[in-house]
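Before any comments, here is the structure.
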Amino acid sequence: MATTCTEDGLDRRDGNPRGPFRDLACVGLFLAALLVPPAFGAGPHSGPSLANLTVGLDNRFKVGCWTEARVTVAGGGQPIEGSVEFLVADGDGLATRFSDPDGERDERLRIEPGRSVVVKRYIKIGRVKGRLIARFVSGGEALATASVSVGGDAIPVHSTQDWIVVVGSRLRIDKAMERRRIAGGYAPVVTSIEDAARLPESDLGYDGVDALVLTSSEPAIARAIGDVRRAAILDWLQLGGHAVLTLGANGLEVAGTDGPWTALTPVRVVGVERNQAGPGLEAFARAEQPLKPFAASRIDAGTARVVAYLDRRTSGEVPGILRYPIGLGRGTVVTFDIDAEPFASWNATPGLLFDLVFPGESETAAAQAPLSRRVTHIGYEEMAGQLRAALDHFPATASQSAVRLVSFTTVMLIVGIYAVLIGPGDFFLLSRFVGRMEWTWATYPLLIGGACGLIVFLGHRWHGGAAPRLKAVEVVDIDLESGRIRGTVWAHLYSPATRSFDVELRPRWPLEEPRRGEPRARLAWQGLPGAGLGGFDTMAAETLAPDLYSLVSNKKLGVRLAKLPVTAGATKSLIGQWSHRRAFANRPALTVDGNGFLRGTIANPLREPLDDAFIVHGQFTYRIARAWRPGEPIALEGLERRDLQWRLTRRKIVDSKTSYATTPWDPRDRDIPRILEIMMLHEAAGGPQYTGLTQKYQAFVDLSGLVGLGRALIVGRGPSACAELVDAAGAEVVAQREQWTWYRIVVPVEPLNKPSVEGTAR
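Under our numbering, the first residue of the sequence shown is numbered 369, with each subsequent residue one higher.
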């Protein structure tokens, strides 16, 4: 029987007043409940907790690129095992889960009471606005969560925006970047890191960085980086990064024998000049203000190329700025402290910094790009967008019809015809030709059934059949000097019916020399840069579906996709990347003569022949007119030589051989071999001035910068895929596929009469 209390203090159940003793007893019981501790593990706060969720470098990340996410897991009242997952939107706005492999005990965390651990995982964020959620999961249940605002606490760098990271405390290059504007009007972002512990421990942490500036004014920072983080920087460099090293007064300490930067450059510091003049540097920087004497490192240039001397404008003895290839990437060495006086107050320093970070470009290059030719009306401003559009086109094959894009007009026309048939059409036929209106009970369902059958037939035909299809393009880069191998696959997975896929990337060894170890392979979604429909900058809401698909990673940073959803008649854009390292026993000895032409003999190092092969060096290409068989040697002296830009832009001589015409670039073109040809050497073709499109997102595809730094580049098409998309059982995900594979082999080139570098060391 329920007890009801009224304002007069009477218990209406028995009519007796409550009395003071009952009140005191209730208060005593309440205080006792507060003082007695809860049972072990039974309280609401006895489980683990998450805190300090951060992302990227200084809480910045580049949209559409890999970045490091970190969260602190604190133990609760009892030991517990589990794993940490990160949830965030992909490039299409779908919620994704970055997690550990299910059932692998060595990937799980054990959190002891009173202890905490920092969990790190590499993720990709696909939108400039949204939320990043971390959660601790045990037994299939989320026991703790933490989140940050993407676009708020986690600051995005746009996918087409330059991102410069400065490791050091005094260099400020923001002013030098003010005049550089690219697509969308984005100025470069500069992030300064003064604590070595904040640097990533894997090259994936630098995936979105366009230039890494390492200063030596604070040598303690360089020493504190340690072997693991230094190896991560080296991996990133050799896989396509760009670093700028400033030496100066502390050059011996950071780049001398066993210095922290020694492995990052072929330059060796042999001494320091404390009172160096810089007339050559003044001329190089086009300075209006003279330089006061400064400290500079004296170096052995090694294989680096001197682009500016300190003592003279040309043919000097004291190198000031040097550039060099390192694997598939590039490095720049500055022999003076550009972050110290007199450079800190020198009026030419901003322009000089710009030239160091963006070699080969002028400060107004982006502003001079033909903005009027940028084709925003077709949905993209990047070469990656044009490749994406080409991969989204599925033509007819021997066994399947073409996948057709059904326009809104077609849909409305079908709906209109259907409405006319079941309404006025049915009435007209019965009244004019039959004369019995009650037959509508038979004609009406027949019309509906016929319309449904026609729609099913057209849907099956327009969807290209019943089987899923795959269209992919692949670029495999091999550097013979460092042994670095990098593969990139862009793939579009199409499904005529709604289904989910478990997919992983499986590389195939491309070389004649045996493989040692397993390559690191990761597969993820591929997004569209820019603000076009479905692009990274789209402000549309995320799709927070309960059945997330997962990007599952392991300790080797391999990543696969689990339960990837593809809706009926839609495609999912994917990118696969793999890398490996293999020391080559036999490397070709190519040289260049006094006219700048290649000499020597080179053999095909691949297991399969190369078609449409050519060699790029400097301003020339050397055409291999036939299929280049595995192991076949070819003498370069006998190859047809042609101007590189003429080949890329397909220039033709007209008007009785007195002038020439360049074939304009068509941003709507769907010719995948032609698109890849330009993407692989975009700057050499003229960059945005030629295509009207930028190539800032995934700029690593463009190796134009290597051909002017003592490297030759062999480019050719292979007959079969080097990497495949397979399911958990190792079988091909899609039987119907169309794939192109390009190989690029980077070969070192020595001058025919190599000059002595003894004069550069003092």
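No residue lacks a Cβ here, since even glycine has one placed at the ideal position from N, Cα and C.
Quantities reported herein were computed from a predicted structural model and do not represent experimental measurements.
| Item | Value |
| --- | --- |
| Can you name the start and end residues of the beta strand (DSSP E) that residue 690 belongs to? | 687–694 |
| Please report the straight-line C-alpha distance between residue 998 and residue 693, rounded to a whole angstrom. | 27 Å |
| Would you kindly check if the distance between the Cβ of residue 967 and the Cβ of residue 989 is under 8 Å? | no |
| Once DSSP output is grouped into helix, strand and coil, what is the label at residue 707? | coil |
| What are the boundary residues of the beta strand (DSSP E) that includes residue 450? | 448–457 |
| If I measure Cβ to Cβ from residue 820 and keep anything under 8 Å in the same chain, skipping five residues before and after, which residues do I get? | none |
| For residue 660, which residues in the same chain have their Cβ closer than 6 Å to its Cβ, ignoring the five residues on either side in sequence? | 710 |
| CB-CB under 6 Å to residue 516, same chain, minus the five flanking residues each way: which ones, in chain order? | 421, 500, 522 |
| Do residue 928 and residue 934 count as a contact pair if the criterion is CB distance below 8 Å? | no |
| Whose C-alpha, out of 502, 582, 812, is nearest the C-alpha of residue 610? | 582 |
| Within its chain, find whatever has a CB closer than 8 Å to the CB of residue 956; leave out the 5 residues flanking it on each side and keep chain order. | 848, 968, 969, 970, 971, 1115 |
| Where does residue 483 fall in DSSP's three states? | coil |
| Please report the residue range of the alpha helix (DSSP H) in which residue 1017 lies. | 1012–1017 |
| Taking 8 Å as the cut-off, does the region 786–799 touch the region 1098–1112 (at least 3 CB pairs, one atom from each stretch)? | no |
| With 16 as the cutoff for other CB atoms within 10 Å, does residue 985 come out buried or exposed? | buried |
| Considering only C-alpha positions, which residue in the set 510, 479, 1059 is nearest to residue 455? | 510 |
| Between the C-alpha atoms of residue 731 and residue 1072, what's the straight-line distance to the nearest angstrom? | Confidence is the limiting factor: at residue 731 the pLDDT is only 46, short of 50, which leaves the residue's position unreliable, though a coordinate-based value still follows. The straight-line gap from Cα to Cα measures roughly 19 Å. |
| Which class does residue 1064 belong to by DSSP, given the choice of helix, strand or coil? | coil |
| Would you mind reading off the limits of the alpha helix (DSSP H) that contains residue 1046? | 1040–1048 |
| With DSSP as the reference, identify every bridge partner of residue 466, one or two as the case may be. | 454, 919 |
| Please state the DSSP three-state secondary structure of residue 665. | strand |
| So, are the CB atoms of residue 896 and residue 748 less than 8 Å apart? | yes |
| Short of 7 Å in beta carbon distance, which residues of its chain neighbour residue 1021, apart from the five on each side in sequence? Order them along the chain. | 1028 |
| Using only the alpha-carbon positions, how far apart do residue 1130 and residue 664 sit? | In this prediction, residue 1130 scores a pLDDT of 32, lower than 50, which makes its location untrustworthy; the coordinate-derived value is nonetheless stated afterwards. Roughly 12 Å separates the two Cα atoms. |
| With residue 1084 and residue 950 assumed to form a contact (beta carbons below 8 Å), what rounded beta-carbon distance in angstroms separates them? | About 19 Å; that fails the 8 Å criterion. |
| Identify the continuous alpha helix (DSSP H) that holds residue 605 and give its terminal residues. | 594–606 |
| In chain order, what residues of the same chain lie with their CB nearer than 6 Å to the CB of residue 590, ignoring the 5 residues before and after it? | 622, 628 |
| Which residue from 979, 943, 604, 918 puts its Cα closest to that of residue 861? | 943 |
| Checking the sheet assignment: what are the DSSP bridge partners for residue 440? | 419, 486 |
| Using a threshold of 8 Å, state whether the C-beta atoms of residue 680 and residue 719 are closer than that. | no |
| Taking only the alpha-carbon atoms, compute the straight-line gap between residue 426 and residue 1053 and give it to the nearest angstrom. | 36 Å |
| Buried or exposed: residue 1118, going by 16 or more other Cβ atoms within 10 Å of its Cβ? | exposed |
| Does DSSP put residue 543 in a helix, in a strand, or in coil? | helix |
| Does DSSP classify residue 989 as helix, strand or coil? | strand |
| Given a threshold of 16 other Cβ atoms within 10 Å of its Cβ, counted over all protein chains shown, does residue 1044 qualify as buried or as exposed? | buried |
| Which residues in the same chain as residue 606 place their Cβ atom closer than 7 Å to its Cβ, once the five residues preceding and following it in sequence are excluded? | 694, 695, 696, 697, 850, 852 |
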